[in-house]
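Going by the numbering used here, the final residue of the first sequence carries number 290, and the count climbs one at a time with no gaps.
Glycine residues also receive a C-beta, built at the ideal position from the N, C-alpha and C atoms.
If you're wondering where the values come from, they're calculated on a predicted model, not measured in any experiment.
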Amino acid sequence: MPELPEVEVITRELRSMFKGKRIKEVLVYAERVIRGVSKDEFVKELTGKRVIEVIRKGKAILFNVEDLWLIIHLKINGQIYISESKPPWSMIKFRFEGEKRCLYLCDFRGLVEIRLSKDPYKETFLAKMGPDALSEEFTFEYFYSKIKDSRSKIKSLIMDQGFIAGIGNIYAAESLFRAKIRPDRIAKSLSEEEAKKLYVAIKDVLQDSICYGAAVKKYFVDGKDRGDFSDKFLVYNREGQPCRICGEKIVKITLSGRGTYFCPVCQV
DNA sequence: CGGGGCTCCTGTGCGC
DNA sequence: TGCGCACAGGAGCCCC
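Right under this line is the structure:
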């Protein structure tokens, strides 16, 4: 669920609601989602501090709270709810000054991660992260320089967060379909022209999804309707259904242990 | 260097 | 109808 577009939509919402606000209360229901510090230290470090900015890099949400950064990774099923009452599977609650509704971090699987850092780009997983797929640093030159030498399958490569940050299983499938490239192609077998098509497709599909409100409607409950990009998927989760371009049945294979969907006619 | 398998968890959906 | 077993959008780790 939460890949770059979903996390971007959520981050924008969090920024508009909580930027400039002071954290009044932090309540931890599930200690194990906190990494690196104890629960008591976590609460003590955050309580009373003001949110300076809320940004995203790749699939991570970063709250700058004065001298500190709070980093949230939603993993597979993590959800953020803005609510007056406690939703199911709440792991942590944040209450802000002058705001009735609290921020709840929820996950029925409990795989979400939250951590603190003074310098996240040096101290955390962000240090190993490649350029964000929608950032200026993610240039075609950078993209192609890696592709032309890599023996990995192209889908695995574009999902490698150390190479490009933000693409998960869904948008990997969708961008490869748009670029008409099979997911199991070895990266270095792509022509420069194919790589260019894929580069453009990645930026386009992520941007389109964000414009449509991404696929977060049923996960992010704040009373607002924001569409659902999952209606727009061309191959993801469409095994056996007709390709929207040529009518051929969409095929599902397993690649690096992940379900992988493509059109055997359109994608070469 | 690439990839397979296992791990953290639990809910859903499909096939028998 | 009910049960049991993959499988699930992430990612770190170990191992070959």
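Could you check what DSSP says for residue i in three-state terms: helix, strand or coil?
{"i": "Asn99", "result": "coil"}
{"i": "Thr282", "result": "strand"}
{"i": "Tyr126", "result": "strand"}
{"i": "Ala236", "result": "coil"}
{"i": "Ser252", "result": "helix"}
{"i": "Ala155", "result": "coil"}
{"i": "Ala201", "result": "coil"}
{"i": "Lys71", "result": "coil"}
{"i": "Ser105", "result": "strand"}
Could you name the residues that DSSP lists as bridge partners for residue i?
{"i": "Ile83", "result": "Arg78 and Ile94"}
{"i": "Leu291", "result": "Residue 291 is absent from the model: the chain starts at 23 and stops at 290."}
{"i": "Val50", "result": "Ile114"}
{"i": "Thr276", "result": "Gly281"}
{"i": "Lys175", "result": "Ile208"}
{"i": "Glu57", "result": "The identity of residue 57 in the sequence shown is Arg, whereas the question assumes Glu. Arg137, per the DSSP bridge assignment."}
{"i": "Ser231", "result": "For Ser231, which the question treats as bridged, DSSP gives no partner whatsoever."}
Which whole-angstrom value describes the C-beta separation of residue i and residue j, a residue pair presumed to lie in contact below a C-beta threshold of 8 Å?
{"i": "Gly291", "j": "Lys150", "result": "No answer is possible for residue 291: it lies beyond the span of the chain, which begins at 23 and ends at 290."}
{"i": "Leu198", "j": "Lys177", "result": "6 Å"}
{"i": "Leu133", "j": "Lys97", "result": "4 Å"}
{"i": "Leu26", "j": "Gly80", "result": "7 Å"}
{"i": "Cys124", "j": "Trp111", "result": "Contact doesn't hold; Cβ gap of about 15 Å is too wide."}
Keeping to the same chain, check which residues put their C-beta closer than 6 Å to that of residue i; ignore five residues upstream and five downstream.
{"i": "Tyr166", "result": "Ala217"}
{"i": "Ser38", "result": "none"}
{"i": "Ile275", "result": "Thr282"}
CB-CB under 7 Å to residue i, same chain, minus the five flanking residues each way: which ones, in chain order?
{"i": "Ile186", "result": "Gly152, Pro153, Ala155, Phe160 and Ile180"}
{"i": "Ser139", "result": "Trp91, Ile93, Glu145 and Thr146"}
{"i": "Gly262", "result": "Lys271 and Ile272"}
{"i": "Leu256", "result": "Glu196, Phe199 and Arg266"}
{"i": "Lys46", "result": "Arg117, Phe118 and Glu119"}
Only counting the same chain, and skipping five residues up and downstream in sequence, which positions put a Cβ closer than 8 Å to that of residue i?
{"i": "Leu277", "result": "Lys175, Lys177, Ser178, Pro205 and Asp206"}
{"i": "Lys168", "result": "Leu179, Phe185 and Ala209"}
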